[in-house]
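A.B. asks:
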Amino acid sequence: MTSRILSAVAILLLAAATASAHHAAAGIDRTTTKELKGTIKAFSWQNPHSWMEVEVVGEGGKVVTWTVEMTAPSYLVRAGWKASTVKPGDEVRVTVRPLKNGDPGGLFVSVTLADGRTLTERPVLAQAAPATPPAQ
Amino acid sequence: MNRAISAAIAALVVAAAAATLHAQDLGALAPANLNKQRPAAPFDVTGTWLNDIRFKGSWRFGPPPDNVKLKGEALKHFEASKQAQAEGKVYHDDIGQCWPAGLPMIMTRVWPIAMVQKPTVIYMVSGFMNSFRTIFIDGRPHSDPDVVVRSFNGESIGHWEKDTLVVDTKYFVGHHHWIDSGVPASEETHIVERIKMVNPATMEIEYTITDSKGWDGEMKFTKRWNRVDDQDIQEVSCLPDLNQHIPSTQSKDNVR
Numbered sequence: 008m009t010s011r012i013l014s015a016v017a018i019l020l021l022a023a024a025t026a027s028a029h030h031a032a033a034g035i036d037r038t039t040t041k042e043l044k045g046t047i048k049a050f051s052w053q054n055p056h057s058w059m060e061v062e063v064v065g066e067g068g069k070v071v072t073w074t075v076e077m078t079a080p081s082y083l084v085r086a087g088w089k090a091s092t093v094k095p096g097d098e099v100r101v102t103v104r105p106l107k108n109g110d111p112g113g114l115f116v117s118v119t120l121a122d123g124r125t126l127t128e129r130p131v132l133a134q135a136a137p138a139t140p141p142a143q
Numbered sequence: 113m114n115r116a117i118s119a120a121i122a123a124l125v126v127a128a129a130a131a132t133l134h135a136q137d138l139g140a141l142a143p144a145n146l147n148k149q150r151p152a153a154p155f156d157v158t159g160t161w162l163n164d165i166r167f168k169g170s171w172r173f174g175p176p177p178d179n180v181k182l183k184g185e186a187l188k189h190f191e192a193s194k195q196a197q198a199e200g201k202v203y204h205d206d207i208g209q210c211w212p213a214g215l216p217m218i219m220t221r222v223w224p225i226a227m228v229q230k231p232t233v234i235y236m237v238s239g240f241m242n243s244f245r246t247i248f249i250d251g252r253p254h255s256d257p258d259v260v261v262r263s264f265n266g267e268s269i270g271h272w273e274k275d276t277l278v279v280d281t282k283y284f285v286g287h288h289h290w291i292d293s294g295v296p297a298s299e300e301t302h303i304v305e306r307i308k309m310v311n312p313a314t315m316e317i318e319y320t321i322t323d324s325k326g327w328d329g330e331m332k333f334t335k336r337w338n339r340v341d342d343q344d345i346q347e348v349s350c351l352p353d354l355n356q357h358i359p360s361t362q363s364k365d366n367v368r
């Protein structure tokens, strides 16, 4: 049982770290999150990072496209994702760790789909544990 | 009759040529090299491995230890990177711009590494950008510096010392190649890895990194990897249209 828990924690840490592994992520504000309520414009299921674009209606009705960086499909699958989980036109709520400079982009934290399901990048087994993404 | 004699002579010439080949003349996968009599390897790393980010130091090869004194361009880069970090900026994010991570950083990305060991060679393919690394363990020396093609993973030559595989790597590309944030590799970077198995599922590597151009002293780090038997390496490329959708690689706050 102990090894199972340790394994889950390791996978959890790994998933948390993965989002920033392709590159340095000093431009990301890891101290806060931002919720985006919008429509999926695009979703790419690819290595080494998946990504999505979310159109958010801002002040004055102006549509802003947020680019959201995700981890690799091999980890997303363990978190319950498939390539068809989100598609253009889907209404979603996406939580991100935003860029420090205020540009519309950030690291993915979670998505709540129209059917009420919430998905993260963490393996399902480890989702009950808290995550603290390591700074790079 | 003459045709038979000619054929026999031709066969003798081919056989003689083959007999003059030494181990270092043979490719690592040549049957004559693979089948050469050697002591059994103390361990076999064949498998899929993932850097243990719970272990001390995790994936970083820095900051430089106190015993190391950076100098020249390396010192300038390091001071500039500290300034960039203080301003919340990314310093020379070359990996994010599709330059190879290179040794040593390629070993500690958070994607797994597939390793295949034969009697003469160890091949490694990283799940990060499919970076390919070869460690020759067939007794060959390092290549002639006037012949070798420098690379980001360098030329690795290994030999066994009891239960440890000692790997000597040099001939690196010295631009857009980093040991750690703000610490550049150079053409003089030299890395020695002492690889051993802590247990069948855990591998440990002690790194000693020197660079006569970049610093005085030795950088020493110890890292661990765990077998991940439920994972495989997939095809992966760093693509320009991918980076267009990675916010942090496109950030205006990158210092390049």
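Going line by line, the protein sequences match chains A and B.
First residue of the first sequence? That's 8 in the numbering used here, and the numbers climb one at a time after it.
First residue of the second sequence? That's 113 in the numbering used here, and the numbers climb one at a time after it.
Virtual Cβ for every residue (Gly too), placed ideally from N, Cα, C.
Since this is a predicted model, take the numbers as computed values, not measurements.
Please decide whether histidine 357 of chain B counts as near chain A, where near means a Cβ-Cβ distance under 8 Å.
C.D. replies: Within the second sequence, numbered from 1, the residue matching residue 357 of chain B stands at position 245. Histidine 357 of chain B counts as touching chain A.
A.B. asks: Got a sec, what are the start and stop residues for the alpha helix (DSSP H) methionine 195 of chain B sits in?
C.D. replies: Position 83 of the second sequence, counted from the first residue, corresponds to residue 195 of chain B. This sequence places glutamine at residue 195 of chain B; methionine is not what is there. Glutamine 195 of chain B -> alpha helix (DSSP H) spans 184-198.
A.B. asks: Which chain B residues are close to glycine 112 of chain A, counting only those with a beta carbon under 7 Å from its beta carbon?
C.D. replies: Counted from its first residue, the first sequence places residue 112 of chain A at position 105. Listed by position along chain B, the residues whose Cβ is nearer than 7 Å to that of glycine 112 of chain A are Pro359.
A.B. asks: Quick check: is the beta carbon of glutamate 42 of chain A nearer than 8 Å to any beta carbon in chain B?
C.D. replies: By 1-based counting over the first sequence, the position of residue 42 of chain A is 35. No, because no Cβ of chain B sits closer than 8 Å to the Cβ of glutamate 42 of chain A.
A.B. asks: Between the Cα of valine 295 of chain B and those of B:Thr160, B:Leu146, B:Leu162, B:Lys194, spot the shortest distance and give me the residue it belongs to.
C.D. replies: In the second sequence, counting from the first residue as 1, residue 295 of chain B sits at position 183. The shortest C-alpha separation from valine 295 of chain B is found at B:Lys194.
A.B. asks: From the DSSP secondary-structure annotation, give me the bridge partner or partners of lysine 181 of chain B.
C.D. replies: Here residue 181 of chain B refers to the residue found at position 69 of the second sequence. Partner(s): B:Asp328.
A.B. asks: Should serine 57 of chain A be labelled buried (16 or more other beta-carbon atoms within 10 Å of its own) or exposed?
C.D. replies: Residue 57 of chain A sits at position 50 when you count from the first residue of the first sequence. Serine 57 of chain A is buried by the Cβ-count criterion.
A.B. asks: Helix, strand or coil, according to DSSP, for glutamine 229 of chain B in the structure here?
C.D. replies: On the second sequence, position 117 is the one that residue 229 of chain B refers to. Correct three-state label for glutamine 229 of chain B: strand.
A.B. asks: How far does the beta strand (DSSP E) with alanine 313 of chain B in it extend, from its first residue to its last?
C.D. replies: Residue numbering aside, residue 313 of chain B sits at position 201 when the second sequence is read from its first letter. It is not in any beta strand (DSSP E) - alanine 313 of chain B carries neither H nor E in the DSSP assignment.
A.B. asks: State the start and end residues of the unbroken alpha helix (DSSP H) segment that holds serine 81 of chain A.
C.D. replies: By 1-based counting over the first sequence, the position of residue 81 of chain A is 74. Note, serine 81 of chain A: alpha helix (DSSP H), 80-85.
A.B. asks: Return helix, strand or coil for asparagine 163 of chain B, following the three-state DSSP convention.
C.D. replies: One-based indexing of the second sequence puts residue 163 of chain B at position 51. Asparagine 163 of chain B falls in the strand class under three-state DSSP.
A.B. asks: So is glycine 113 of chain A buried or exposed if we call it buried at 16+ other beta carbons inside 10 Å?
C.D. replies: Here residue 113 of chain A refers to the residue found at position 106 of the first sequence. It counts as buried.
A.B. asks: Tell me which residue opens and which closes the beta strand (DSSP E) that alanine 142 of chain B is part of.
C.D. replies: On the second sequence, residue 142 of chain B is found 30 positions in, with the first residue counted as 1. Neither: alanine 142 of chain B is in no beta strand (DSSP E) and is coded neither H nor E.
A.B. asks: Is it the case that the CB of glycine 65 of chain A approaches a heavy atom of the ligand ADP more closely than 7 Å?
C.D. replies: Among the ligands in the structure shown, none appear at all, so the ligand ADP cannot be discussed.
A.B. asks: In chain B, what lies closer than 7 Å to threonine 74 of chain A by C-beta?
C.D. replies: Here residue 74 of chain A refers to the residue found at position 67 when the first sequence is read from its first residue. Those within 7 Å of threonine 74 of chain A in chain B are His357, Pro359.
A.B. asks: Can you name the start and end residues of the alpha helix (DSSP H) that leucine 354 of chain B belongs to?
C.D. replies: Residue mapping note: residue 354 of chain B aligns to position 242 of the second sequence, counting from 1. From DSSP, the alpha helix (DSSP H) with leucine 354 of chain B extends over 352-355.
A.B. asks: Would you grab the beta carbon distance between glutamate 128 of chain A and alanine 90 of chain A for me? Rounded to a whole angstrom, and I think it's under 8 Å.
C.D. replies: Along the first sequence, read from residue 1 onward, the residue named residue 128 of chain A stands at position 121. Along the first sequence, read from residue 1 onward, the residue named residue 90 of chain A stands at position 83. Their Cβ separation, rounded to whole angstroms, is 15 Å, which puts glutamate 128 of chain A and alanine 90 of chain A out of contact at 8 Å.
A.B. asks: Give a yes or no on whether 8 Å exceeds the smallest Cβ distance from serine 81 of chain A to chain B.
C.D. replies: By one-based count along the first sequence, residue 81 of chain A stands at place 74. Interface residue (Cβ-Cβ distance to chain B less than 8 Å): serine 81 of chain A is classified as such.
A.B. asks: Using beta-carbon positions only, say whether glycine 397 of chain B and glutamate 305 of chain B come within less than 8 Å of one another.
C.D. replies: In this structure chain B extends from 113 to 368, so residue 397 of chain B is not present and cannot be described.
A.B. asks: What's the call for asparagine 311 of chain B, buried or exposed, on a 16-neighbour Cβ count within 10 Å?
C.D. replies: Position 199 of the second sequence, counting from 1, holds the residue named residue 311 of chain B. So asparagine 311 of chain B counts as exposed.
A.B. asks: Taking all protein chains shown into account, decide if phenylalanine 244 of chain B is buried (16 or more other Cβ within 10 angstroms of its Cβ) or exposed.
C.D. replies: Residue 244 of chain B sits at position 132 when you count from the first residue of the second sequence. When all chains shown are included, phenylalanine 244 of chain B counts as exposed.
A.B. asks: On the three-pair Cβ rule with 8 Å, is the segment 153-171 of chain B touching the segment 215-222 of chain B?
C.D. replies: yes
A.B. asks: So is leucine 354 of chain B in contact with chain A if we call contact Cβ pairs under 8 Å?
C.D. replies: Looking up residue 354 of chain B in the second sequence gives position 242. Closer than 8 Å to some Cβ of chain A, the Cβ of leucine 354 of chain B qualifies, so yes.
A.B. asks: Just confirm the distance between the C-beta atoms of glutamate 62 of chain A and lysine 48 of chain A, as a whole number of angstroms; I'd bet it's less than 8 Å.
C.D. replies: In the first sequence, counting from the first residue as 1, residue 62 of chain A sits at position 55. In the first sequence, counting from the first residue as 1, residue 48 of chain A sits at position 41. At roughly 5 Å, the Cβ-Cβ gap stays under 8 Å, so glutamate 62 of chain A and lysine 48 of chain A are in contact.
A.B. asks: So, at 6 Å on beta carbons, what are the nonlocal neighbours of alanine 144 of chain B in its own chain, with the 5 sequence-adjacent residues on each side left out?
C.D. replies: Taking the first residue of the second sequence as position 1, residue 144 of chain B is located at position 32. So the qualifying residues of the chain are Leu138.
A.B. asks: List, in order along the chain, the chain B residues whose C-beta lies closer than 8 Å to that of serine 51 of chain A?
C.D. replies: Start at 1 with the first residue of the first sequence, and residue 51 of chain A comes out as number 44. Neighbours of serine 51 of chain A on chain B, chain order: Leu354, His357.
A.B. asks: Flag aspartate 122 of chain A as yes if its beta-carbon sits less than 8 Å from any beta-carbon of chain B, otherwise no.
C.D. replies: Along the first sequence, read from residue 1 onward, the residue named residue 122 of chain A stands at position 115. No, no contact with chain B.
A.B. asks: Looking at chain A, which residues of the segment 261-272 of chain B have a Cβ within less than 8 Å of any of its Cβ atoms?
C.D. replies: Contact annotation: in the segment 261-272 of chain B, no residue has its CB less than 8 Å from a CB in chain A.
A.B. asks: Just to confirm before moving on: does the CB-CB distance between alanine 121 of chain A and aspartate 97 of chain A stay below 8 Å?
C.D. replies: Residue 121 of chain A sits at position 114 when you count from the first residue of the first sequence. Residue 97 of chain A sits at position 90 when you count from the first residue of the first sequence. In this structure, aspartate 97 of chain A lies closer than 8 Å to alanine 121 of chain A by Cβ.
A.B. asks: Quick check on glycine 68 of chain A: does DSSP put it in helix, strand or coil?
C.D. replies: Position 61 of the first sequence, counted from the first residue, corresponds to residue 68 of chain A. In the structure shown, glycine 68 of chain A sits in a helix (DSSP, three-state: H, G or I).
A.B. asks: From which residue to which residue does the beta strand (DSSP E) around tryptophan 272 of chain B run?
C.D. replies: Stepping through the second sequence from its first residue, residue 272 of chain B is reached at position 160. 267-273 is the span of the beta strand (DSSP E), which, as asked, contains tryptophan 272 of chain B.
A.B. asks: So with Cβ pairs under 8 Å, would you call valine 285 of chain B a contact of chain A?
C.D. replies: Translated into the one-based positions of the second sequence, residue 285 of chain B becomes position 173. By this cut-off, valine 285 of chain B is not an interface position.
A.B. asks: Check whether the segment 323-334 of chain B and the segment 234-248 of chain B touch, using three or more Cβ-Cβ pairs below 8 Å as the test.
C.D. replies: Proximity of the segment 323-334 of chain B to the segment 234-248 of chain B falls short of the contact definition, fewer than three beta-carbon pairs being nearer than 8 Å.
A.B. asks: Less than 8 Å between CB atoms is the rule here; does tryptophan 161 of chain B satisfy it with respect to chain D?
C.D. replies: The chain inventory of the structure shown lacks chain D, comprising the protein chains A and B.
A.B. asks: Alpha carbon to alpha carbon, how far is isoleucine 307 of chain B from threonine 39 of chain A?
C.D. replies: The count along the second sequence starts at 1 and reaches residue 307 of chain B at position 195. The count along the first sequence starts at 1 and reaches residue 39 of chain A at position 32. Each residue's alpha carbon lies about 40 Å from the other.
A.B. asks: Distance, Cα to Cα, valine 118 of chain A vs alanine 196 of chain B?
C.D. replies: Numbered from its first residue, the first sequence carries residue 118 of chain A at position 111. Numbered from its first residue, the second sequence carries residue 196 of chain B at position 84. Approximately 32 Å between the Cα atoms of the pair.
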